[in-house]
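The sequence shown lines up with residues 208 to 345 when you count with this note's numbering.
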Amino acid sequence: MKDIILSIKPCFSSEIYSGSKTIELRKAIGNEFTVGSRMFIYSSSPTKAIDGCATIKKIEYISVKDIREKLLTLAKISIESFDDYYKNHDSGYVIWLSNVVKFNKSIHLNELRKYGFSAPQSFSYTKTNLKLILEKLK
């Protein structure tokens with residue numbers, strides 16, 4: 208099972224760390240997204256750092272209509288942003304999060320680049336050298 212690095216806007220990652228956002232919405236996910244996988248959270252600009260992690264509790268692939276009607280409040284996203292994100296899509300992935308940890312010390316993008324890391328648009332998988340550094344943060 209590979210560890211995942213998920214790029215998330217800081218306004219949403221802070222909601223995850225506070226416990227008010229319990230799901231992450233995606234139009235597509237990778238093959239290694241499985242229940243029990245660990246996701247490192249890369250808070251994108253302006254934070255630009257890996258600052259926490261979570262475990263995938265459950266993954267659902269359901270209609271955009273059902274996500275909008277039943278789960279929007281858990282995603283902490285506005286209706287307008289949701290509709291814009293899922294424009295021209297009928298279904299989407301709901302990633303349920305558990306074991307959320309905000310690191311006491313984050314690793315900024317400048318430091319991450321020393322280990323061959325480049326900020327993912329959506330997600331990437333950890334490479335061995337970076338994984339060793341991230342293990343020390345927990």
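We treat Cβ as the ideally placed atom computed from N, Cα and C, and that holds for glycine.
How about isoleucine 264 and serine 225: do their beta carbons lie closer than 8 Å? Note that residue 264 is lysine in the sequence shown here, rather than isoleucine. Taking 8 Å as the Cβ cut-off, lysine 264 and serine 225 do not qualify as a contacting pair.
Distance between beta carbons of leucine 213 and phenylalanine 330, contact taken as under 8 Å: Taking C-beta atoms under 8 Å as the contact rule, phenylalanine 330 and leucine 213 qualify, at a distance of about 5 Å.
How big is the Cα-Cα spacing for proline 253 and serine 270? Pairing proline 253 with serine 270, the inter-Cα distance amounts to about 32 Å.
Distance check for aspartate 297 and glutamate 267, CA to CA, integer angstroms please. Glutamate 267 and aspartate 297 have their C-alpha atoms roughly 14 Å apart.
Starting from glutamate 231 and walking both ways along the beta strand (DSSP E), at which residues does that stretch end? From DSSP, the beta strand (DSSP E) with glutamate 231 extends over 230 to 233.
Could you check where the beta strand (DSSP E) with tyrosine 292 kicks off and where it finishes? From DSSP, tyrosine 292 is part of no beta strand (DSSP E) but of the alpha helix (DSSP H) over 286 to 292.
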